Every structure is written in structure tokens, then in C-alpha cells.
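**Q**
Numbering (the working numbering), first residue to last: 181 to 577.
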């Protein structure tokens with residue numbers, strides 16, 4: 181066995197206060213020969229700040245704060261819904277969750293006055309109004325886009341374990357499930373008359389996969405990803421670029437650069453659990469490749485925090501502040517399960533069995549840090565690998 185981110189009318193005290201504070205905190209431009217340009221720039225920035233505050237304040241004509249979720253039946257979607265049901269309110273309103281389910285056609289959809297409803301969306305649609313019913317989208321304060329093909333599962337000798345080589349067909353399937361649907365949804369949000377907070381999934385793979393050894397530098401959201409190498413890096417760049425149509429002064433767009441989400445209900449950990457439980461765990465390759473992780477609970481909590489925090493936009497790393505190496509993960513998982521971890525998986529075996537996928541995902545590593553989350557006041561419940569693994573074993577998400 182082997183281990184394997186014109187002014188609107190003031191509609192709430194919260195929005196008014198945020199706008200007033202933002203305005204008061206800025207100095208008016210000094211009148212010079214270029215004062216006309218400076219004044220225009222100043223007012224444009226103030227308008228954008230206010231509009232983003234408005235977009236976080238909730239739709240004024242609804243009694244709910246409504247959140248649409250694609251990929252709602254996946255591990256992350258289930259975790260987010262579970263966390264949202266624990267929240268009494270968001271932005272002062274009861275929460276209504278809309279599970280967006282795939283459909284080949286989209287008809288008029290009236291959202292029921294219930295805390296959990298379903299609505300169709302068409303990820304293959306080519307025009308904004310055919311992606312999701314415009315009236316339903318207009319009722320949504322936030323859209324969390326988590327849908328996408330798993331990067332490793334599929335046919336193959338160990339496909340059932342979530343580890344298989346990347347064929348050209350598999351790569352195409354991964355790209356098509358992410359880039360096209362994200363661009364379609366972004367265009368629909370751009371065409372919507374009302375402001376929307378758009379949270380779109382990406383991954384820490386955008387930073388590349390060469391974070392190996394204790395001397396490896398770390399990568400926060402300011403890290404230059406324009407030339408990072410590897411299939412996952414290029415995929416993530418294209419995936420993130422697909423959100424661009426939604427970005428405007430009206431909308432807030434956050435790209436969720438997810439680390440490996442730890443849950444016994446799905447993802448990599450669910451596949452590794454039986455191997456480690458039976459005593460078949462061990463280091464992969466050198467064991468010195470970095471592993472950026474987060475518990476499913478902390479990931480869901482981070483998404484809720486982002487929706488509540490209007491200052492967060494652009495890429496946000498969704499990972500622990502304490503990344504570990506593969507060897508540290510292996511040791512911690514063995515201790516949590518009280519099992520030995522003495523059966524390594526050598527590098528040459530990984531490369532022979534899994535090719536490019538193995539080199540990037542198993543032998544490669546990422547050392548990402550969640551600086552934006554930390555600076556915005558987010559507190560992790562399970563920051564260390566041991567705590568995250570214990571959370572994964574205890575939680576039912």
C-alpha cells in the first residue's frame with residue numbers, strides 16, 4: 181500500500197457610516213493646475229468605495245441576505261451551507277441559501293421565502309441572460325462559485341483514490357469545467373442591474389509547485405504569478421482571469437485561492453484516510469515538499485468572513501498560516517489516527533505511475549500564507565496541521 185478573492189441612494193445606516201468614514205479619512209486634493217483631474221479621480225474612488233459598501237449591505241427590497249452557491253453538492257459547498265446555517269444573520273438580515281443546480285435551460289425562477297431553495301444555472305450558456313434567470317440573480321447579494329471538475333479523479337488504476345495521470349482529455353475537461361462556466365457567470369453578474377459580491381474559486385496552485393525544503397520562500401497574495409510554471413498554475417491564471425467581466429465599481433470580486441481542504445467527507449484526505457488507517461501511510465518522495473492546507477470548517481468560516489468584510493477583494497489565500505511539509509503532514513496524520521507511517525512512496529514510483537500530475541501534485545509543493553485574511557481580522561480555529569486533521573476527523577463536513 182502507498183500514501184498518496186452616479187452614487188446610489190443611502191439605504192442603511194451601515195452603508196452611510198462606512199461611506200462617511202471612508203470620505204472623512206481622505207484628504208481633499210490640493211487645488212493645482214491638475215486639480216480637475218485629481219478631483220475627478222478622488223470622486224471616482226469615493227464612488228467605488230461607497231458602491232462596494234452598498235453591495236455588502238444587502239438588497240434593500242429583500243428581507244433576506246441571499247447567497248447563491250454553485251457546486252453546492254460538493255465538499256466545499258456542503259461545508260459552506262453547514263456554516264451558513266449556523267449564522268443567525270448576515271449584514272443584519274436572515275440568510276437565504278440558493279443551491280444553484282446545473283441545467284441545460286434556464287427559465288423564470290421566483291425564489292421562495294425559505295432559508296434554503298434551489299434554482300437552475302447553465303454553465304454552458306453563451307449569453308448572460310441564459311446563464312441564470314436575471315430576476316433570480318438580481319435577488320442574490322452574493323454568488324459563491326465552487327463548481328469544477330476534480331483535478332485528479334477519473335478512470336485509471338488508482339483513479340478511485342483520487343490520484344491518476346493527466347491525459348490530454350482529462351486536462352481539457354478540467355479547463356472546460358472551470359474557465360468557461362466562470363466567464364459565463366461573470367458576464368451574467370456584470371449584466372445584472374443590482375450589485376453582487378462574487379466569490380470565485382481558484383487554487384494555491386497558481387503559485388507553482390517548486391516550494392521544496394525548509395529554505396523555500398512563502399507566497400502571499402502579492403506574489404507575482406504571471407510566470408509561475410505548471411499545468412495548475414496556468415489553469416489557475418486562466419480561471420482567475422475569467423472573473424474579470426464581473427469586476428466593476430458596482431460589484432466586489434474575490435478570488436478564493438484554496439489550499440488543500442481537509443475533510444473526511446471528501447477531497448484528498450478522504451482518499452488517504454483508509455490507507456493511513458490500515459497502516460499504509462508514509463512520506464511521498466523526499467517529504468520536504470510544502471503542503472498548504474485548511475480544515476473544511478475554517479475554509480467555510482473564511483468564506484463567510486469574506487462575505488461580511490467589504491474591504492476584501494481580489495485574490496485571497498484560503499489556507500492555514502502554518503503550512504507544513506509532506507513529512508510533517510504524514511507524521512501528524514499518523515499520530516491523529518494512532519497508526520504507523522513507515523511505508524514511503526519513492527519519487528521514481530510517483531513519476532512512473534502518475535507523470536505530470538504526480539510531479540506537480542504529489543512531489544511538488546506550495547507554501548502559501550493567508551496575509552489578507554489575517555490582516556482583515558480572521559481567526560483560525562485550526563491553524564496547525566494537527567488541529568486541522570483533528571477538526572477533519574471530528575466534523576461532519
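Beta carbons are placed, not taken as given, at the ideal position from N, Cα and C, and that holds for glycine.
Because the structure is a prediction, the values reported are computed rather than measured.
Just to confirm before moving on: does the CB-CB distance between residue 323 and residue 365 stay below 8 Å?
**A** Numbered from its first residue, the chain shown carries residue 323 at position 143. Numbered from its first residue, the chain shown carries residue 365 at position 185. Cβ distance < 8 Å, so residue 323 and residue 365 count as in contact.
**Q** To the nearest whole angstrom, what separates the beta carbons of residue 291 and residue 278, a pair I think is in contact under 8 Å?
**A** Walking along the chain shown from the start, residue 291 turns up at place 111. Walking along the chain shown from the start, residue 278 turns up at place 98. 6 Å between Cβ atoms; contact.
**Q** Please identify the residue among 557, 480, 519 and 316 whose C-alpha is closest to the C-alpha of residue 576.
**A** Sequence index remark: in the chain shown, residue 576 carries index 396 (1-based). Measuring from the Cα of residue 576, the nearest candidate turns out to be 480.
**Q** If we call anything under 8 Å between Cβ atoms a contact, is residue 380 one with residue 436?
**A** The count along the chain shown starts at 1 and reaches residue 380 at position 200. The count along the chain shown starts at 1 and reaches residue 436 at position 256. The answer is yes: Cβ separation under 8 Å.
**Q** What residues in its chain sit with their C-beta under 6 Å from that of residue 579, if we drop five residues either side in the sequence?
**A** The question about residue 579 has no answer, for the chain in this structure spans 181 to 577.
**Q** Please classify residue 348 as buried or exposed, where buried requires at least 16 other C-beta atoms within 10 Å of its C-beta.
**A** Counting from 1 along the chain shown, the entry for residue 348 is found at position 168. Residue 348 comes out exposed.
**Q** If you run the structure through DSSP and keep just helix, strand and coil, what is residue 320?
**A** The sequence position of residue 320 within the chain shown is 140, counting from 1. The answer is coil: DSSP assigns residue 320 none of H, G, I, E or B.
**Q** Output the distance between the C-alpha atoms of residue 344 and residue 568, rounded to the nearest integer angstrom.
**A** Taking the first residue of the chain shown as position 1, residue 344 is located at position 164. Taking the first residue of the chain shown as position 1, residue 568 is located at position 388. Cα-Cα distance, rounded: 26 Å.
**Q** Quick check on the burial criterion: 16 or more other C-beta atoms within 10 angstroms. Buried or exposed for residue 211?
**A** Looking up residue 211 in the chain shown gives position 31. Any reading at residue 211 needs caution, since the residue's pLDDT is 41, under 50, leaving its predicted position unreliable; the model's value is listed next. Exposed, because fewer than 16 other Cβ atoms sit within 10 Å of the Cβ of residue 211.
**Q** Leaving out five residues on either side along the sequence, give the residues of the same chain with a beta carbon under 6 Å from the beta carbon of residue 251.
**A** On the chain shown, residue 251 is found 71 positions in, with the first residue counted as 1. Taken in chain order, the residues that qualify are 257, 326 and 327.
**Q** Measuring alpha carbon to alpha carbon, tell me which residue in 446, 482 and 560 is nearest residue 502.
**A** Working through the chain shown from its first residue, we reach residue 502 at position 322. When only C-alpha atoms are compared, the closest one is 560.
**Q** Who are residue 129's beta bridge partners in DSSP?
**A** This structure cannot settle anything about residue 129, because the visible part of the chain is limited to 181 through 577.
**Q** What residue range is occupied by the uninterrupted alpha helix (DSSP H) comprising residue 477?
**A** Translated into the one-based positions of the chain shown, residue 477 becomes position 297. Taken as a continuous stretch (DSSP letters only), the alpha helix (DSSP H) holding residue 477 covers 476 to 488.
**Q** Taking the alpha-carbon of residue 550 as reference, which of 531, 376 and 482 has the nearest alpha-carbon?
**A** Counting from one through the chain shown, the residue named residue 550 turns up at place 370. The candidate whose alpha carbon is nearest that of residue 550 is 482.
**Q** Cβ atoms of residue 543 and residue 461: under 8 Å apart, would you say?
**A** Here residue 461 refers to the residue found at position 281 of the chain shown. Here residue 543 refers to the residue found at position 363 of the chain shown. No. Outside cutoff.
**Q** Who are residue 245's beta bridge partners in DSSP?
**A** Here the question's residue 245 lines up with position 65 in the chain shown. DSSP, once it has assigned bridges, lists 275 as partnering residue 245.
**Q** Taking the Cβ atom as the reference point for each residue, do residue 408 and residue 387 lie within a distance shorter than 8 Å?
**A** For the purposes of this step, residue 408 is taken as the residue at position 228 of the chain shown. For the purposes of this step, residue 387 is taken as the residue at position 207 of the chain shown. Contact flag set, yes.
**Q** Under a Cβ-count criterion, where at least 16 other Cβ atoms within 10 Å of its own Cβ denotes burial, should residue 362 be classed as buried or exposed?
**A** Start at 1 with the first residue of the chain shown, and residue 362 comes out as number 182. Buried.
**Q** In three-state DSSP terms, what is residue 346?
**A** Residue mapping note: residue 346 aligns to position 166 of the chain shown, counting from 1. Coil at residue 346, not helix or strand.
**Q** Just the C-alpha distance for residue 358 and residue 574, rounded to the nearest angstrom, thanks.
**A** Translated into the one-based positions of the chain shown, residue 358 becomes position 178. Translated into the one-based positions of the chain shown, residue 574 becomes position 394. Roughly 31 Å separates the two Cα atoms.
**Q** Alpha carbon to alpha carbon, what distance is there between residue 332 and residue 417?
**A** Position 237 of the chain shown holds residue 417. Position 152 of the chain shown holds residue 332. Rounded to the nearest angstrom, the two C-alpha atoms are 19 Å apart.
**Q** Could you tell me the boundaries of the alpha helix (DSSP H) in which residue 457 lies?
**A** Here residue 457 refers to the residue found at position 277 of the chain shown. Start and end: 447 to 457.
**Q** Between the Cα of residue 401 and those of 516, 286, 474 and 498, spot the shortest distance and give me the residue it belongs to.
**A** If you number the chain shown from 1, residue 401 lands on position 221. Closest option to residue 401, Cα to Cα, is 498.
**Q** Ends of the beta strand (DSSP E) at residue 298?
**A** Translated into the one-based positions of the chain shown, residue 298 becomes position 118. From DSSP, the beta strand (DSSP E) with residue 298 extends over 296 to 301.
**Q** Which of helix, strand or coil does DSSP assign to residue 281?
**A** Position 101 of the chain shown, counting from 1, holds the residue named residue 281. In the structure shown, residue 281 sits in a strand (DSSP, three-state: E or B).
**Q** Excluding the five sequence neighbours on either side, which residues of its own chain have a C-beta within less than 6 Å of the C-beta of residue 204, listed in chain order?
**A** Here residue 204 is taken as the residue at index 24 of the chain shown, counted from 1. Residue confidence is low: residue 204 scores 39 on pLDDT, short of 50, so the model does not pin down where it sits. Its coordinate-derived value is still stated next. Nothing listed; no residue qualifies.
**Q** Where does the unbroken beta strand (DSSP E) through residue 380 begin, and where does it stop?
**A** As a position in the chain shown, residue 380 is number 200, starting the count at 1. Looking at the DSSP string, the run of the beta strand (DSSP E) that includes residue 380 is 377 to 383.
**Q** For residue 260, which residues in the same chain have their Cβ closer than 7 Å to its Cβ, ignoring the five residues on either side in sequence?
**A** Here residue 260 refers to the residue found at position 80 when the chain shown is read from its first residue. Once the five neighbours on either side are set aside, the close Cβ partners of residue 260 are 249, 324, 480 and 483.
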